[in-house]
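Below is one structure, written out as structure tokens; the observations come after it.
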């Protein structure tokens, strides 16, 4: 089969299409999947730049997000059959092969039926951002109806899903954007307050919007220095969730003085630690999101697709910044 191999860490040019053996079923719960599309996420470009979590296992196949059709099932598979259309977030961290390929093998416990209303490309754009936003807002931030939230980079992959999930929970949403095009996009998703962060002090704008109190929950999808800058925009005893690692230069004084609860979100943890129950919970999130998508309550913005052979070009585009929505490889 054809697969995009990461031959070393470095520029996008280290991604090379090669012929490798087709994977085979190993466990009785395994599914052999004919991949139709693979999502591209910032974690892919970071691993390509610095090396994977398993540097002794090279070359590697990147790509956590996938969507495809079940072609064979193990003897113990109970919930799927040949021909089922599925989507999932699994592999691609340097150990278990990822989804920049024509085939993959995955445990049935870690997948969900693809939303019927989405194409394979749209479905492949969804899993990592759905799980990240869901865990960040609902599990870490405990977002409830009637509360206010500030979501940074609302037009991005995680941000545009987070806006919708917050609105579905009954929250009021402010979000930061850089252009009028992105402002219109997030308004269509339900954002109540749009802040042009390049032209406006987002902290002051947030305080004005909340009558000087600050939001109940802030969601940082960007990282430092934005994390530190966001602390004064959160109400006393409020919550802030970040999907990036706080830097050694993070200034915690304001967060401490405001008694903020700071939470870290990394949806990759179950894969990295082999936590089967947690991976099953993430599959449950995908099932719930599939229902919301098919009911027209949740949308995935797919901005551009590339053929598998152009994975390097896709990485170049993602690293150029200011992306609206998601990029996908069609396998």
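In the UniProt record's numbering, the protein residues as written are 1 to 331. Glycine included, each C-beta is placed from N, C-alpha and C at the ideal position.
Check whether residue i and residue j have beta carbons under 8 Å apart
i	j	result
residue 262	residue 233	no
residue 236	residue 258	yes
residue 121	residue 317	no
residue 173	residue 200	no
residue 158	residue 132	yes
residue 128	residue 274	no
residue 3	residue 20	yes
residue 152	residue 222	yes
residue 194	residue 203	no
residue 224	residue 243	no
Residue closest to residue i, alpha-carbon to alpha-carbon, out of the options
i	options	result
residue 102	108, 169, 17	17
residue 30	65, 104, 206	104
residue 23	224, 290, 98, 283	98
residue 123	229, 13, 35, 163	35
residue 28	56, 109, 77	77
residue 26	45, 74, 56, 47	74
residue 310	55, 329, 298	329
residue 255	229, 278, 272, 244	229
residue 210	32, 146, 288	146
residue 189	208, 162, 14	162
residue 80	108, 289, 56	108
residue 253	238, 231, 296	231
residue 304	15, 41, 10	41
residue 156	135, 130, 51, 168	130
residue 48	312, 32, 320, 321	312
Terminal residues of the alpha helix (DSSP H) in which residue i lies
i	result
residue 289	276-294
residue 204	202-209
residue 102	It is not in any alpha helix (DSSP H) - residue 102 carries neither H nor E in the DSSP assignment.
residue 132	127-134
residue 159	157-168
residue 258	Counting along the chain, residue 258 falls outside any alpha helix (DSSP H), and DSSP gives it neither H nor E.
residue 80	Looking at the DSSP string, residue 80 is not in any alpha helix (DSSP H), and its letter there is neither H nor E.
residue 22	Residue 22 -> no alpha helix (DSSP H), and no H or E assigned at all.
residue 184	180-189
residue 228	226-230
8 Å contact criterion, which residue i and residue j should meet: CB distance rounded
i	j	result
residue 300	residue 326	7 Å
residue 93	residue 137	24 Å between Cβ atoms; not a contact.
residue 268	residue 250	The pair is not a contact, with the Cβ atoms about 21 Å apart (cut-off 8 Å).
residue 37	residue 331	6 Å
residue 154	residue 205	So it is not a contact: roughly 14 Å between Cβ atoms.
residue 1	residue 62	Between residue 62 and residue 1 the Cβ distance is about 16 Å, and since that is not below 8 Å, they are no contact.
residue 290	residue 115	4 Å
First and last residue of the uninterrupted beta strand (DSSP E) at residue i
i	result
residue 35	30-40
residue 271	Counting along the chain, residue 271 falls outside any beta strand (DSSP E), though it belongs to the alpha helix (DSSP H) covering 269-273.
residue 70	65-73
residue 235	234-242
residue 302	302-307
With three or more C-beta pairs closer than 8 Å as the rule, is the stretch 206-220 touching the stretch 139-156? yes
Between the stretch 84-91 and the stretch 59-71, are three or more C-beta pairs nearer than 8 Å? yes
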